[in-house]
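Q:
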Amino acid sequence: MAEKIATREAFGKAIAAMSAEYPELVVLDADLAGATKSGEFKKACPERFLDMGIAEANMVGVSAGLATCGKKPFCCSFAMFTAGRAYEQVRNSVAYPHLNVKVVGSHGGLSVGEDGATHQCIEDLSLMRTIPGMTVVNPCDGAEMRAAVKALLEYDGPAYLRLGRSAVETVTGYESGEHTFTLGKGVTLRDGTDVTVVATGMMVQLALQAAETLEEEGISVRVLDFHTIKPLDKELLQKAAEETGAIVTSEEHNVIGGLGSAVAEFVSCHCPVPVIRHGVKDEFGRSGKAAAVLEAYGLTAEVLAKCVRHAVEKKAGPKQ
Amino acid sequence: MERKEQKELAITAAKARLLAVEAVHRCASGHPGGSLSVLDVLTVLYFHTMRVDPKNPRDPGRDRFVLSKGHCTPALYATLALRGYYDVKELDLFRSIDGHMSGHPDMVNVPGVDMSTGSLGQGISAAVGMALAGKLDNKDYRVYAALGDGEIEEGQVWEAAMAAAKYGLDNLCAVVDVNGLQIDGATADVMPSEPLDAKFAAFNWNVIHVDGHDIPAIAAAFDVAKTVKGRPTVLLAKTTKGKGVPFMENDAGWHGKAPSDEQLEQARAALNEQIKEWEAM
Chain D
13 MAEKIATREA FGKAIAAMSA EYPELVVLDA DLAGATKSGE FKKACPERFL DMGIAEANMV
73 GVSAGLATCG KKPFCCSFAM FTAGRAYEQV RNSVAYPHLN VKVVGSHGGL SVGEDGATHQ
133 CIEDLSLMRT IPGMTVVNPC DGAEMRAAVK ALLEYDGPAY LRLGRSAVET VTGYESGEHT
193 FTLGKGVTLR DGTDVTVVAT GMMVQLALQA AETLEEEGIS VRVLDFHTIK PLDKELLQKA
253 AEETGAIVTS EEHNVIGGLG SAVAEFVSCH CPVPVIRHGV KDEFGRSGKA AAVLEAYGLT
313 AEVLAKCVRH AVEKKAGPKQ
Chain A
2 MERKEQKELA ITAAKARLLA VEAVHRCASG HPGGSLSVLD VLTVLYFHTM RVDPKNPRDP
62 GRDRFVLSKG HCTPALYATL ALRGYYDVKE LDLFRSIDGH MSGHPDMVNV PGVDMSTGSL
122 GQGISAAVGM ALAGKLDNKD YRVYAALGDG EIEEGQVWEA AMAAAKYGLD NLCAVVDVNG
182 LQIDGATADV MPSEPLDAKF AAFNWNVIHV DGHDIPAIAA AFDVAKTVKG RPTVLLAKTT
242 KGKGVPFMEN DAGWHGKAPS DEQLEQARAA LNEQIKEWEA M
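Here the protein sequences line up with chains D and A, keeping their order.
The number in the numbering used here is simply the position in the first sequence, starting from 1, with 12 added.
The number in the numbering used here is simply the position in the second sequence, starting from 1, with 1 added.
1. Please state the DSSP three-state secondary structure of A:P196.
2. For A:N251, which option in A:G245, A:T241, A:P260 and A:G257 has the closest C-alpha, if you only look at C-alpha atoms?
3. Go to A:D178, then tell me how far its beta strand (DSSP E) extends in each direction, as first and last residue.
4. Which term fits A:H101, buried or exposed, when burial requires 16 or more other beta carbons within 10 angstroms of its beta carbon?
5. Can a CB atom of chain D be found closer than 8 angstroms to the CB of A:L119?
6. Hey, A:A147 and A:V176 are a contact pair by Cβ (cut 8 angstroms); roughly how many whole angstroms apart?
7. Which chain D residues are close to A:P61, counting only those with a beta carbon under 8 angstroms from its beta carbon?
8. Return the chain-ordered ranges of every beta strand (DSSP E) run that is complete within the stretch 240 to 285 of chain D and spans a minimum of 3 residues.
9. Run through chain A and tell me which residues come within less than 7 angstroms of D:Q101, C-beta to C-beta.
10. Scan the stretch 118 to 157 of chain D and note each continuous beta strand (DSSP E) run of 3 residues or more that stays entirely inside, going in chain order.
11. My understanding is that A:A259 touches A:F204, with C-beta atoms under 8 angstroms, so please give their C-beta distance in whole angstroms.
12. From which residue to which residue does the alpha helix (DSSP H) around D:F23 run?
13. Give a yes or no on whether the C-beta atoms belonging to A:Y86 and A:P58 are separated by under 8 angstroms.
14. Can you tell me where the alpha helix (DSSP H) with A:F95 in it begins and where it stops?
15. May I ask which residues mark the beginning and end of the beta strand (DSSP E) holding A:H371?
16. Among A:R65, A:C28, A:D93 and A:L19, whose alpha-carbon lies nearest the alpha-carbon of A:A76?
17. Would you call D:H282 buried or exposed, if buried means 16 or more other Cβ atoms sit within 10 Å of its Cβ?
18. For a contact defined as C-beta to C-beta under 7 angstroms, what are the partners of A:V129 on chain D?
19. From D:G73 to A:A127, what distance separates their C-alpha atoms?
20. With a threshold of 6 angstroms on Cβ separation, who are the neighbours of D:P379 within its own chain once the five nearest residues in sequence on each side are excluded?
21. In the DSSP output, which residue or residues are listed as bridge partners for D:D41?
22. Please decide whether D:Y108 counts as near chain A, where near means a Cβ-Cβ distance under 8 angstroms.
23. Write down every uninterrupted run of the beta strand (DSSP E) in the stretch 228 to 280 of chain A whose length is 3 residues or greater and which is fully enclosed by it, in chain order.
24. Tell me the rounded alpha-carbon separation between A:H72 and A:G104.
25. Taking 8 angstroms as the threshold (beta carbon to beta carbon), is A:V191 in contact with chain D?
26. Per DSSP, which one or two residues make a beta bridge with A:E23?
27. Would you identify the three-state DSSP class for A:M282, choosing helix, strand or coil?
28. Going by beta carbon distance, what residues of the same chain come within less than 8 angstroms of D:A14, once the five residues before and after it are set aside?
29. Using only the alpha-carbon positions, how far apart do A:F48 and D:H110 sit?
30. What does A:A175 reach in chain D if we use C-beta pairs closer than 9 angstroms?
31. Under the rule that 16 or more other beta-carbon atoms within 10 Å means buried, what is A:M192, buried or exposed?
32. Hey, is D:G65's beta-carbon within less than 8 angstroms of any beta-carbon in chain A?
33. Quick check on this structure: which residue in D:E263, D:A252, D:F86 and D:E135 has the alpha carbon closest to the alpha carbon of D:H333?
34. Any heavy atom of the ligand PLP inside 7 angstroms of the beta-carbon of A:K230?
35. Under 7 angstroms between beta-carbons, which chain A residues line up against D:N266? List them in chain order, please.
36. May I have the straight-line CA-CA distance separating D:I17 from D:C152, to the nearest angstrom?
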């Protein structure tokens with residue numbers, strides 16, 4: 013059976029496992045090591061774990077200073093507090109001098125669940141993407157997270173890494189050798205000819221489910237896993253637009269500013285086809301069990317399938 | 002400090018003041034007031050206290066300096082030029098689209114700048130990170146940071162202060178340039194921050210009061226800081242905003258304003274007079 017693990021869990025284990033291989037790796041957290049799973053690194057390598065207290069702005073700045081001295085800091089908290097609260101520190105202290113700091117945002121999106129809107133960050137991908145020179149990564153499963161952590165350790169520059177709270181099915185084939193992970197390169201998880209779903213994070217799993225359903229209806233859906241939102245895989249997108257003629261984006265994020273916007277920005281200019289954006293419709297989340305919140309906001313395979321049908325209709329043009 | 006060195010440093014500081022005011026005048030933009038107030042501290046750091054080599058500005062073993070009050074580039078860029086990191090002529094392109102001498106410190110493009118700063122409150126955190134890296138690597142370099150007394154209204158400064166004390170960063174020495182003025186007026190009116198000594202002491206820092214224009218005293222304070230173990234030190238440097246240019250002194254209006262042609266001549270006359278006086282001593 014495929015592994016089912018939250019990407020935060022995979023993240024924690026991955027950085028802990030890589031502590032010996034990367035002596036410059038230091039991990040910082042703002043009193044959420046248990047939740048972000050950076051605590052795994054603390055267990056493995058306490059001397060290079062820095063608990064900075066509930067002070068994210070300082071944590072990001074300290075990370076910048078560490079990076080100027082050759083360290084590879086990963087600074088972790090909830091997405092709301094690294095990408096959100098400390099946005100300007102990320103922009104000015106990390107990205108502007110292009111320092112090798114990995115900003116980690118756990119509990120991205122609505123699947124935070126019970127904590128509600130104040131902790132459900134649906135703007136992080138957007139905020140981080142608009143900073144010049146930032147790389148923005150949002151893996152969909154445990155295997156992809158492990159590959160992403162390794163790639164980010166090898167990459168010398170500022171990046172944002174989103175982690176999810178809930179356990180997710182493994183759908184990628186990195187560990188069997190079926191897929192290879194390259195920052196900025198999407199992964200084709202399912203081929204199709206009528207329409208393409210470009211998904212990121214845990215929406216990838218839902219996209220695959222929707223594609224199954226739609227196959228039965230005679231709609232052939234290509235599913236692309238965009239673990240990197242920036243830089244965007246333009247080549248794969250252009251090919252998808254040209255070959256399938258319609259695109260649906262899907263993300264656990266506001267439909268404004270994230271993957272959907274990034275795809276629409278590119279497609280509208282280089283290969284115009286209909287782009288339907290599936291995500292949170294510019295509203296705040298609320299408390300509830302993760303699955304219930306996702307359902308309440310339409311982040312389900314069913315609603316995604318509807319978006320796909322709509323895209324196919326759009327592609328056909330106006331009814332005669 | 003020997004009298005001869007004091008004289009040399011005082012002349013260097015006056016020359017840096019002149020370069021700073023000229024740079025601001027040339028591009029009709031920039032921050033002369035706080036640049037002039039912090040220049041004696043910068044001169045002592047770069048010409049006396051810090052272990053740096055302008056020919057090898059990225060030497061991993063060097064002492065570091067972070068200008069957390071980043072708007073005072075006229076002071077930093079002038080000091081780095083006089084110290085030999087680059088030619089004084091580079092200052093001609095301060096704040097100009099034709100060069101890379103940006104309005105706020107740019108570590109990517111300006112040799113000798115250890116951290117890009119400008120957004121207040123952020124530099125001190127980076128300095129804490131540098132000092133932490135030194136501790137992690139058992140290196141003996143020291144880290145210095147200059148903050149404004151307006152800047153410390155930023156909450157991040159106190160987050161950084163807590164972290165520096167937590168990690169016992171005795172390789173970190175901050176200087177607060179206490180000139181008493183910020184953009185909108187006196188710090189006492191805009192947002193009272195005194196007593197600064199009690200605040201830093203409560204954050205478990207070693208606190209030293211110093212006259213921020215008394216060169217031997219500043220140098221001695223940095224020496225004392227080196228001997229303090231287990232906690233960071235802050236120098237509360239009492240200064241005069243606009244120091245050395247009489248019509249700019251103690252006037253918040255000169256925080257971010259360029260002098261006219263005529264005012265530049267007045268500033269030149271005053272600073273050249275100070276240089277002459279020191280040379281005659």
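All C-beta atoms, glycine included, are put in the ideal place defined by N, C-alpha and C.
This one's a predicted model, so the numbers in the text were calculated from it and none came from an experiment.
A: Well, looking at it:
1. Within the second sequence, numbered from 1, the residue matching residue 196 of chain A stands at position 195. Coil, per DSSP.
2. Position 250 of the second sequence, counted from the start, is the residue given in the question as residue 251 of chain A. Of the listed residues, the one whose Cα sits closest to A:N251 is A:T241.
3. Locating residue 178 of chain A in the second sequence gives position 177, where the first residue counts as 1. Note, A:D178: beta strand (DSSP E), L173 to V179.
4. Translated into positions along the second sequence, residue 101 of chain A becomes position 100. So A:H101 counts as exposed.
5. As a working mapping, residue 119 of chain A is identified with position 118 in the second sequence. First, the amino acid is wrong: residue 119 of chain A is Gly here, not Leu. Taking Cβ atoms only, chain D reaches closer than 8 angstroms to A:G119, which makes this a yes.
6. Position 146 of the second sequence, counting from 1, holds the residue named residue 147 of chain A. Position 175 of the second sequence, counting from 1, holds the residue named residue 176 of chain A. Contact holds; Cβ gap of about 5 angstroms.
7. Along the second sequence, one-based indexing puts residue 61 of chain A at 60. The answer, in chain order, is C81 and G82.
8. 240 to 242 and 259 to 266
9. Within the first sequence, residue 101 of chain D is the residue found at index 89, counting from 1. Here the neighbours are Q123.
10. 147 to 149
11. Here residue 259 of chain A refers to the residue found at position 258 of the second sequence. Here residue 204 of chain A refers to the residue found at position 203 of the second sequence. Wrong, their Cβ atoms sit about 37 angstroms apart, outside the cutoff.
12. As a working note, residue 23 of chain D is residue 11 in the first sequence. Where D:F23 is concerned, the enclosing alpha helix (DSSP H) stretches over T19 to A29.
13. The residue labelled residue 86 of chain A in the question sits at position 85 within the second sequence. The residue labelled residue 58 of chain A in the question sits at position 57 within the second sequence. In this structure, A:P58 lies closer than 8 angstroms to A:Y86 by Cβ.
14. Numbered from 1 along the second sequence, position 94 holds the residue referred to as residue 95 of chain A. Run containing A:F95: none; DSSP gives neither H nor E here.
15. Outside the modelled stretch of chain A, which goes from 2 to 282, sits residue 371 of chain A, for which no answer is possible.
16. Locating residue 76 of chain A in the second sequence gives position 75, counting from the first residue. For the residues A:R65, A:C28, A:D93 and A:L19, the minimum Cα distance to A:A76 belongs to A:L19.
17. Within the first sequence, residue 282 of chain D is the residue found at index 270, counting from 1. The residue in question, D:H282, is exposed, as its Cβ has fewer than 16 Cβ neighbours within 10 Å.
18. As a working note, residue 129 of chain A is residue 128 in the second sequence. Within chain D, the residues near A:V129 are V74 and G77.
19. Mapped onto the first sequence, residue 73 of chain D falls at position 61. Mapped onto the second sequence, residue 127 of chain A falls at position 126. Roughly 5 angstroms between the two C-alpha positions.
20. Residue 379 of chain D is absent from the model: chain D starts at 13 and stops at 332.
21. Counted from its first residue, the first sequence places residue 41 of chain D at position 29. D:D41 pairs with D:D63 and D:C88.
22. Numbered from its first residue, the first sequence carries residue 108 of chain D at position 96. Yes - at least one Cβ of chain A is within 8 angstroms of the one on D:Y108.
23. 234 to 239
24. Reading the second sequence from its first residue, position 71 is the one you call residue 72 of chain A. Reading the second sequence from its first residue, position 103 is the one you call residue 104 of chain A. If you take the alpha carbons of A:H72 and A:G104, they lie about 7 angstroms apart.
25. Residue numbering aside, residue 191 of chain A sits at position 190 when the second sequence is read from its first letter. For A:V191, the answer is no, since every Cβ of chain D falls outside 8 angstroms of its Cβ.
26. Working through the second sequence from its first residue, we reach residue 23 of chain A at position 22. Answer is none; A:E23 lacks a bridge partner.
27. Residue 282 of chain A sits at position 281 when you count from the first residue of the second sequence. A:M282 falls in the coil class under three-state DSSP.
28. Taking the first sequence and counting its residues from 1, the one referred to as residue 14 of chain D is at position 2. For D:A14, where only same-chain residues beyond five positions count, the Cβ hits under 8 angstroms are E181, T182 and V183.
29. Taking the second sequence and counting its residues from 1, the one referred to as residue 48 of chain A is at position 47. Taking the first sequence and counting its residues from 1, the one referred to as residue 110 of chain D is at position 98. Cα to Cα, the separation comes out at about 29 angstroms.
30. Taking the second sequence and counting its residues from 1, one reaches residue 175 of chain A at position 174. Those within 9 angstroms of A:A175 in chain D number zero; the least Cβ separation is about 13 angstroms.
31. Working through the second sequence from its first residue, we reach residue 192 of chain A at position 191. Exposed, by the Cβ-count rule.
32. Here the question's residue 65 of chain D lines up with position 53 in the first sequence. Interface residue, yes.
33. Beyond the ends of chain D as shown, which are 13 and 332, falls residue 333 of chain D; an answer cannot be given.
34. As far as ligands go, the structure on display features none, and thus does not contain the ligand PLP.
35. Along the first sequence, one-based indexing puts residue 266 of chain D at 254. Those do not exist, as D:N266 stays about 26 angstroms from chain A at its closest Cβ, beyond 7 angstroms.
36. By 1-based counting over the first sequence, the position of residue 17 of chain D is 5. By 1-based counting over the first sequence, the position of residue 152 of chain D is 140. Taking the straight line joining both Cα atoms gives about 10 angstroms.
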